[in-house]
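Asks: Sharing a structure below in structure tokens format, with a few things to ask.
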Amino acid sequence: MRGSEPLPGADAEMVVTPMESGNFKVAVDVEHLAPPHRIAPGLSHYVVWVDEPNEEPRRLGHLPLDGEREAEMFGTTVASSFEVLVTAEHETDAFSPSDHVVLRQTVRMGS
Numbered sequence: 021m022r023g024s025e026p027l028p029g030a031d032a033e034m035v036v037t038p039m040e041s042g043n044f045k046v047a048v049d050v051e052h053l054a055p056p057h058r059i060a061p062g063l064s065h066y067v068v069w070v071d072e073p074n075e076e077p078r079r080l081g082h083l084p085l086d087g088e089r090e091a092e093m094f095g096t097t098v099a100s101s102f103e104v105l106v107t108a109e110h111e112t113d114a115f116s117p118s119d120h121v122v123l124r125q126t127v128r129m130g131s
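Heads up: take any position in the sequence shown, counting from 1, add 20, and you land on this note's numbering.
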């Protein structure tokens, strides 16, 4: 994954693994992630989103930041072609991604 303008120093790894069910497991692991309030006042959480072509982005889960500025989360999706976004948010249960995108990665699994 690559850092966006607000956090170019963040190091992230994303692994997408096919599951027997036909779904895909998405694992996101980030280091050197600054606290969200450094991006903009009032931001307090990071959220991971799956953005499929011709669909609204879907919240994959909360990316909890620990005291060492590291975070990891796991989720699943049925999509085989999508973009993963990590955004800074006011709440963990945001309905749609904010404009504060800190990481993004495009995924295209073989068919």
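All C-beta atoms in this analysis are idealised placements derived from N, C-alpha and C, irrespective of residue type, glycine included. All values reported here derive from a predicted model rather than from experimental measurement.
Is His110 helix, strand or coil when you go by DSSP?
Replies: If DSSP states are grouped into helix, strand and coil, His110 belongs with coil.
Asks: Am I right that Leu80 and Gly95 are in contact with their C-beta atoms under 8 Å? What's the rounded C-beta distance?
Replies: The pair is a contact, with the Cβ atoms about 4 Å apart (cut-off 8 Å).
Asks: In angstroms, rounded to a whole number, what distance separates the CA positions of Ala54 and Gly29?
Replies: Those two C-alpha atoms are separated by around 9 Å.
Asks: Helix, strand or coil for Arg58 per DSSP?
Replies: Helix.
Asks: Of the choices Ala47, Val104, Pro56 and Ala60, whose alpha-carbon is the least far from that of Arg89?
Replies: That would be Pro56, whose Cα lies nearest to the Cα of Arg89.
Asks: Please report the distance separating the alpha-carbon of Val121 from that of Val98.
Replies: Cα to Cα, the separation comes out at about 23 Å.
Asks: Would the beta-carbon of Met93 fall within 8 Å of that of Val35?
Replies: No, Cβ-Cβ distance for Met93 and Val35 is not below 8 Å.
Asks: Going by alpha carbons, who is nearest to Ser118 out of Met129, Phe102, Met39 and Val68?
Replies: Per the Cα distances, Val68.
Asks: Is Gly87 a contact residue of the ligand ADP, with contact defined as CB to any heavy atom under 7 Å?
Replies: The ligand ADP is not among the ligands present in this structure, which contains no ligands whatsoever.
Asks: Taking DSSP's pairing of strands, which residues face Ala91 in a bridge?
Replies: Bridge partners of Ala91: Val50 and Leu85.
Asks: Who pairs with Val36 in a beta bridge, going by DSSP?
Replies: According to DSSP, Val36 bridges with Val46.
Asks: How would you label Phe115, buried or exposed, when you count the other beta carbons within 10 angstroms and need 16 or more for buried?
Replies: Phe115 should be labelled exposed.
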